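Read the structure below first, then the notes.
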């Protein structure tokens, strides 16, 4: 108990001396150094998914991807149809005939080719989609940097307000979803998604760009 009282007395004395020192400085016309106020931070949010769907360039690139996809799909279907036709021809031949065995081999080969082509084309589609997203993301980030510097924005965050917690989920899944969240609240007034879309579309459609 004695040590606690001594500590309290010591603290009171220290505070008293500090207050006295400040009082004397002011009496002598010397003001204590002012602590600078923390600068105000300007924050904005961007809904990346919404922005991508609003960009004219994304629409053009998606049309190009669809054209490539349709071409590959046609090539794949041609192999599938050939395999089916060979199987039909095989079934029409005598069970133990040499022709049936050959036709069965041809059908099996065509089927394997169709499976291989499906795997290859699916991989190409994934790569094409990944490249599109990477290219557009890079342009969006560059546009955000330019816009933020002009507008005096210090921080831009991904707007994930629309992402809700999963239902009928385990504790681990719910915790993971919570930890992945970045924005718990944000006013719509700091959402710059539409403004960015307007700027990027104007730049993309500018005659000087072409």
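Residue numbers (this note's numbering): 3 to 212.
Ideal Cβ placement from N, Cα and C applies to all residues, glycine included.
Computed from a predicted structure; not experimentally measured.
By a C-beta neighbour count over all protein chains shown, 10 Å radius and 16 as the cutoff for buried, is residue i buried or exposed?
i: residue 202; result: buried
i: residue 186; result: exposed
i: residue 165; result: exposed
i: residue 57; result: buried
i: residue 60; result: buried
i: residue 199; result: buried
i: residue 180; result: exposed
i: residue 105; result: buried
i: residue 171; result: exposed
i: residue 53; result: buried
i: residue 210; result: exposed
i: residue 129; result: exposed
i: residue 126; result: exposed
i: residue 24; result: At residue 24, the pLDDT of 49 sits below 50, so the modelled position is not reliable and the matter cannot be decided from this model.
i: residue 194; result: buried
i: residue 9; result: Because the pLDDT of residue 9 is 46, which lies under 50, any placement of that residue in the model is unreliable, and the number read from its coordinates should be weighed accordingly. Residue 9 should be labelled exposed.
i: residue 88; result: buried
i: residue 142; result: buried
i: residue 204; result: exposed
DSSP has residue i in a bridge; who is on the other side?
i: residue 193; result: 47
i: residue 158; result: 46
Identify which residue in the options has its Cα closest to the Cα of residue i.
i: residue 196; options: 50, 42, 38 and 62; result: 50
i: residue 43; options: 150, 173, 177 and 190; result: 150
i: residue 138; options: 46, 45, 206 and 68; result: 206
i: residue 67; options: 173, 133 and 148; result: 133
i: residue 65; options: 131, 176 and 175; result: 131
Hey, residue i and residue j are a contact pair by Cβ (cut 8 Å); roughly how many whole angstroms apart?
i: residue 48; j: residue 160; result: 6 Å
i: residue 116; j: residue 82; result: 5 Å
i: residue 46; j: residue 192; result: 5 Å
i: residue 92; j: residue 100; result: With 8 Å as the limit, residue 92 and residue 100 do not qualify as a contact, their Cβ atoms being about 12 Å apart.
Residue i CB to nearest chain C CB: under 9 Å?
i: residue 77; result: Although the question refers to chain C, the structure presented lacks it and comprises just one protein chain.
Tell me, please, whether the stretch 102-112 touches the stretch 83-91 by the rule of three or more beta-carbon pairs shorter than 8 Å.
Judged by Cβ distances under 8 Å, the stretch 102-112 makes contact with the stretch 83-91, as three or more pairs qualify.
Should the stretch 91-106 be regarded as contacting the stretch 70-81, the criterion being three or more beta carbon pairs within less than 8 Å?
no
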